[in-house]
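Engineer: Counting in this note's numbering, the sequence shown runs from 34 upward without gaps.
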Amino acid sequence: AQIYFENSRPPKNANEIYVVGKQWMWKIQHSTGQREINELHVPVGRKVKLIMTAEDTIHDFYIPAFRIKADVLPGKYTTQWFEATKPGTYHLFCAEYCGMNHSGMIGSVIVMQPSEFDNWLSGNAGQQSPAVAGQQLYQSLGCVSCHGATGEGGRGPGLVGLFGRKVDLTNGQSLTADESYVRESIENPQAKIVAGFGPIMPTFQGQVTPEQLIQLMSFIKSLQVTGAQPATAPSPKLAPSPASAPSGPPNRQ
Numbered sequence: 034a035q036i037y038f039e040n041s042r043p044p045k046n047a048n049e050i051y052v053v054g055k056q057w058m059w060k061i062q063h064s065t066g067q068r069e070i071n072e073l074h075v076p077v078g079r080k081v082k083l084i085m086t087a088e089d090t091i092h093d094f095y096i097p098a099f100r101i102k103a104d105v106l107p108g109k110y111t112t113q114w115f116e117a118t119k120p121g122t123y124h125l126f127c128a129e130y131c132g133m134n135h136s137g138m139i140g141s142v143i144v145m146q147p148s149e150f151d152n153w154l155s156g157n158a159g160q161q162s163p164a165v166a167g168q169q170l171y172q173s174l175g176c177v178s179c180h181g182a183t184g185e186g187g188r189g190p191g192l193v194g195l196f197g198r199k200v201d202l203t204n205g206q207s208l209t210a211d212e213s214y215v216r217e218s219i220e221n222p223q224a225k226i227v228a229g230f231g232p233i234m235p236t237f238q239g240q241v242t243p244e245q246l247i248q249l250m251s252f253i254k255s256l257q258v259t260g261a262q263p264a265t266a267p268s269p270k271l272a273p274s275p276a277s278a279p280s281g282p283p284n285r286q
């Protein structure tokens, strides 16, 4: 059980990449803003966390060579992680029948040396990061009126340091804030009301797309406990990977 837990739980220092499944393509966005369709570029020796959702129906993100396979569902987030160990190009499939062109929902995972990957990121720079786009969306949707200009809170709960934090609810229960909780709070805010606050938040269901939800979450993640600083466009250079790697084999290739 401990081995399964260690290998199924994404490391805290993993590079986050967002994936949206849609008939019949994979839309991918890196935390630095670069977008891809049916291609996923990753570096050797760095841990990668995939945060996945679907726009229309059930899909399944499947990289046979990495032994990565996970359902991708509308209205929910699933995560997988891996650490590639060998450069090359690997097959990417949808492994859940999703309609007439299901067999064409394929792609490639391109594993590169870290220096080549950093050059690839630099060459695709200039695109707005999800966190920066999320900050603009946060303002345009009027979230600032209840949650504060920088997530400090007010009529609504504070958002600074929210991810991974214990949240107490009015029904006496508690939970740990993650992607699924934030999405539900945006689309169905009456489902889980934070203790000490009233049910005043309107629903944004149907008003924001799956990609915009990812952007909002990226902005909220950027609000750290040390200071709710507005999101800024990050450097395309990624931090070097740790020298050590997990011992479990299921998510390495």
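Ideal placement from N, C-alpha and C gives every residue a C-beta, glycine not left out.
On a predicted model such as this, the values are computed, not experimentally measured, just so you know.
#1: Exposed or buried, what is residue 201 when buried is set at 16 or more other beta-carbons lying within 10 Å of its beta-carbon?
#2: Can you tell which of 194, 125 and 172 has its C-alpha closest to the C-alpha of residue 93?
#3: Skipping 5 residues on each side, what residues in its chain have a beta carbon closer than 6 Å to that of residue 164?
#4: According to the neighbour-count rule (16 or more other Cβ atoms, all chains shown, within 10 Å of its Cβ), is residue 208 buried or exposed?
#5: Per DSSP, residue 101 is paired with what?
#6: Could you pull out every unbroken alpha helix (DSSP H) segment of at least 4 residues lying fully inside the stretch 174 to 232, listed in chain order?
#7: What are the partner residues of residue 49, as DSSP defines its beta bridges?
#8: How long is the line joining the alpha carbons of residue 88 and residue 196, rounded to whole angstroms?
#9: Using three-state DSSP, classify residue 237 as helix, strand or coil.
#10: If we ignore side chains and look at the alpha-carbon of each, how far apart do residue 161 and residue 66 end up?
#11: Cutting at 6 Å between CB atoms, please list the residues of its own chain near residue 63, excluding the five before and the five after it.
#12: Identify whether residue 58 lies in helix, strand or coil by the three-state DSSP scheme.
#13: How should residue 42 be labelled, buried or exposed, when 16 other C-beta atoms within 10 angstroms of its C-beta is the threshold for buried?
#14: Please identify the residue among 173, 168 and 174 whose C-alpha is closest to the C-alpha of residue 183.
#15: Indicate whether the contact test is met: 3 or more Cβ pairs, each with one atom in the stretch 219 to 230 and one in the stretch 142 to 155, closer than 8 Å.
#16: Under a three-way DSSP split, which group does residue 256 fall into?
#17: On a CA-only basis, which of 211, 44, 54 and 69 is nearest residue 132? Give me that one, please.
#18: Whole angstroms are fine: how far does the CA of residue 74 sit from the CA of residue 52?
#19: Could you give the DSSP three-state label for residue 121: helix, strand or coil?
#20: Considering only residues of the same chain and omitting the five flanking positions on each side of residue 134, which have a CB-CB separation below 8 Å?
#21: Name the DSSP bridge partner or partners of residue 135?
#22: Which two residues bound the contiguous beta strand (DSSP E) that contains residue 73?
#23: Starting from the Cα of residue 91, find the closest Cα among 224, 136 and 130 and give me that residue.
Structural biologist: So, from the data block:
#1: exposed
#2: 125
#3: Close CB contacts of residue 164 within its chain, under the 6 Å cut and outside five residues either way in sequence, are with 251, 252, 255 and 264 (chain order).
#4: exposed
#5: 96
#6: 177 to 180 and 212 to 220
#7: For residue 49, which the question treats as bridged, DSSP gives the partners 82.
#8: 23 Å
#9: coil
#10: 5 Å
#11: Closer than 6 Å at Cβ, skipping near neighbours: 50.
#12: strand
#13: Label assigned to residue 42: exposed.
#14: 168
#15: Touching, no, given that fewer than three Cβ pairs across the two stretches are closer than 8 Å.
#16: coil
#17: Among 211, 44, 54 and 69, the Cα nearest to that of residue 132 belongs to 54.
#18: Rounded to whole angstroms, residue 52 to residue 74 spans 12 Å at the Cα level.
#19: strand
#20: 56 and 57
#21: Residue 135 pairs with nothing; no bridge assigned.
#22: 72 to 76
#23: 130
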